[in-house]
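J.: Numbering (the working numbering), first residue to last: 240 to 485. Note that CB positions come from ideal geometry on N, CA and C, so glycine has one too.
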């Protein structure tokens, strides 16, 4: 199967190791992975900040770049949710029936990373090895927009050497929310404080998630408090193997 990787601008700029990990996992599973170099931002930041015209331009860009792809894999729950939930509405609001039809055709071929592994490839064990105590944070978009349920947890439970521990009040937001953390800093910090307390109470060494935006927010707080707990994207855990550990 040929996979088109939409790495997202956030990962490309700040967390390139996540994209590399996605490629490593997919190629290990026998997939052919391509990176379409004309790709750019999904437009989520513009859309959430009220810049609808700019967001529409990026909807068109995404469709032009990825039209014809067999499957598009995204290592970000928020960007996946933007494409599948908001693109159809934006395209219709722009008044272009042709664009709306193209969005409708491409959206079902866009998969969040864990969703692709389980729903499209039918796998829960990807041959990973990661000897650490790990807690999983469910992003708001994974829970509410994409309704991914326990897909990531099922993958983590099949990682050899990994001890998965429970996160209390796992359904609560970490407080990032993109520009929300900037515009409502005090509220965001209070939410982050609650999330960090639950992460620390779990006794985990590593906090993971399917979205680096949440992990940047949580990881920043944990680092400032010198807790010793690290944040690692789900793809990076799944890319780890016995060979890598040795």
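Go through its chain and collect everything with a Cβ distance to residue 419's Cβ below 7 Å, but skip five positions before and after it.
T.: Here residue 419 is taken as the residue at index 180 of the chain shown, counted from 1. Closer than 7 Å at Cβ, skipping near neighbours: 427.
J.: Can you list, in chain order, the residues of its chain whose CB lies under 7 Å from that of residue 306, leaving out five sequence neighbours each side?
T.: Numbered from 1 along the chain shown, position 67 holds the residue referred to as residue 306. So the list reads 341, 345, once near-sequence residues are dropped.
J.: For residue 252, is the classification buried or exposed, using 16 other Cβ atoms within 10 angstroms of its Cβ as the cut-off for buried?
T.: In the chain shown, the residue the question calls residue 252 occupies position 13. With fewer than 16 other Cβ atoms within 10 Å, it is exposed.
J.: In whole angstroms, what is the alpha-carbon distance linking residue 283 and residue 308?
T.: Position 44 of the chain shown, counting from 1, holds the residue named residue 283. Position 69 of the chain shown, counting from 1, holds the residue named residue 308. Residue 283 and residue 308: Cα-Cα distance of roughly 21 Å.
J.: Any idea if residue 432 is buried or exposed, counting beta-carbon neighbours within 10 angstroms, 16 or more meaning buried?
T.: Here the question's residue 432 lines up with position 193 in the chain shown. So residue 432 counts as exposed.
J.: What's the call for residue 260, buried or exposed, on a 16-neighbour Cβ count within 10 Å?
T.: The count along the chain shown starts at 1 and reaches residue 260 at position 21. Flag for residue 260 reads buried.
J.: On a Cα-Cα basis, can you pick out the residue from 273, 263, 343, 256 that is closest to residue 298?
T.: Against the chain shown, residue 298 aligns to sequence position 59. Comparing Cα positions, the closest option is 343.
J.: When the Cα atoms are used, what is the spatial distance from residue 417 to residue 351?
T.: Taking the chain shown and counting its residues from 1, one reaches residue 417 at position 178. Taking the chain shown and counting its residues from 1, one reaches residue 351 at position 112. Approximately 18 Å between the Cα atoms of the pair.
J.: Using a threshold of 7 Å, state whether the C-beta atoms of residue 190 and residue 243 are closer than that.
T.: In the structure as shown, the chain begins at 240 and stops at 485. Residue 190 is therefore absent and cannot be evaluated.
J.: Between the Cα of residue 273 and the Cα atoms of 281, 279, 262, which residue gives the shortest distance?
T.: Working through the chain shown from its first residue, we reach residue 273 at position 34. Residue 262 is the option with its Cα nearest to residue 273.
J.: State buried or exposed for residue 466, treating a residue as buried only when at least 16 other CB atoms are found within 10 Å of its CB.
T.: Position 227 of the chain shown holds residue 466. Its Cβ having fewer than 16 others within 10 Å, residue 466 is exposed.
J.: From residue 403 to residue 371, what does the alpha carbon distance come to, in whole angstroms?
T.: As a working mapping, residue 403 is identified with position 164 in the chain shown. As a working mapping, residue 371 is identified with position 132 in the chain shown. Going by the C-alpha atoms only, they are around 8 Å apart.
J.: Just the C-alpha distance for residue 338 and residue 294, rounded to the nearest angstrom, thanks.
T.: The residue labelled residue 338 in the question sits at position 99 within the chain shown. The residue labelled residue 294 in the question sits at position 55 within the chain shown. For residue 338 and residue 294, the distance between alpha carbons rounds to 13 Å.
J.: Please confirm whether residue 381 and residue 316 have their CB atoms less than 7 Å apart.
T.: Here the question's residue 381 lines up with position 142 in the chain shown. Here the question's residue 316 lines up with position 77 in the chain shown. A contact, by the Cβ cut-off of 7 Å.
J.: Pull up the distance between the alpha-carbon of residue 332 and that of residue 435, whole angstroms please.
T.: Position 93 of the chain shown, counted from the first residue, corresponds to residue 332. Position 196 of the chain shown, counted from the first residue, corresponds to residue 435. Cα to Cα, residue 332 sits roughly 39 Å from residue 435.
J.: Unbroken beta strand (DSSP E) runs of length 3 or more, entirely within the stretch 328–399: which are they?
T.: 349–351, 372–375
J.: Spell out the partners DSSP gives residue 273 in its beta bridges.
T.: In the chain shown, residue 273 corresponds to position 34, counting from 1. BP columns for residue 273 point to 243.
J.: Flag this pair as yes or no: are the beta carbons of residue 365 and residue 477 separated by less than 7 Å?
T.: Against the chain shown, residue 365 aligns to sequence position 126. Against the chain shown, residue 477 aligns to sequence position 238. Their beta carbons are under 7 Å apart, which means residue 365 touches residue 477 by this criterion.
J.: Would you tell me roughly how many angstroms separate the C-alpha atoms of residue 254 and residue 451, rounded to the nearest one?
T.: Position 15 of the chain shown, counted from the first residue, corresponds to residue 254. Position 212 of the chain shown, counted from the first residue, corresponds to residue 451. The C-alpha of residue 451 is placed about 8 Å away from the C-alpha of residue 254.
J.: According to DSSP, is residue 448 part of a helix, a strand, or is it coil?
T.: Reading the chain shown from its first residue, position 209 is the one you call residue 448. For residue 448, the secondary structure class from DSSP, reduced to helix, strand or coil, is strand.
J.: Determine the direct distance from the alpha carbon of residue 479 to that of residue 485, and round the result to whole angstroms.
T.: On the chain shown, position 246 is the one that residue 485 refers to. On the chain shown, position 240 is the one that residue 479 refers to. With a pLDDT of 39 at residue 485, under the threshold of 50, the modelled position of this residue cannot be trusted; read the value that follows with caution. Each residue's alpha carbon lies about 11 Å from the other.
J.: Between the Cα of residue 304 and the Cα atoms of 327, 279, 320, which residue gives the shortest distance?
T.: For the purposes of this step, residue 304 is taken as residue 65 along the chain shown, with counting starting at 1. The shortest Cα separation from residue 304 among 327, 279, 320 belongs to 279.
J.: Taking the alpha-carbon of residue 363 as reference, which of 393, 347, 429, 376 has the nearest alpha-carbon?
T.: Within the chain shown, residue 363 is the residue found at index 124, counting from 1. Comparing Cα positions, the closest option is 393.
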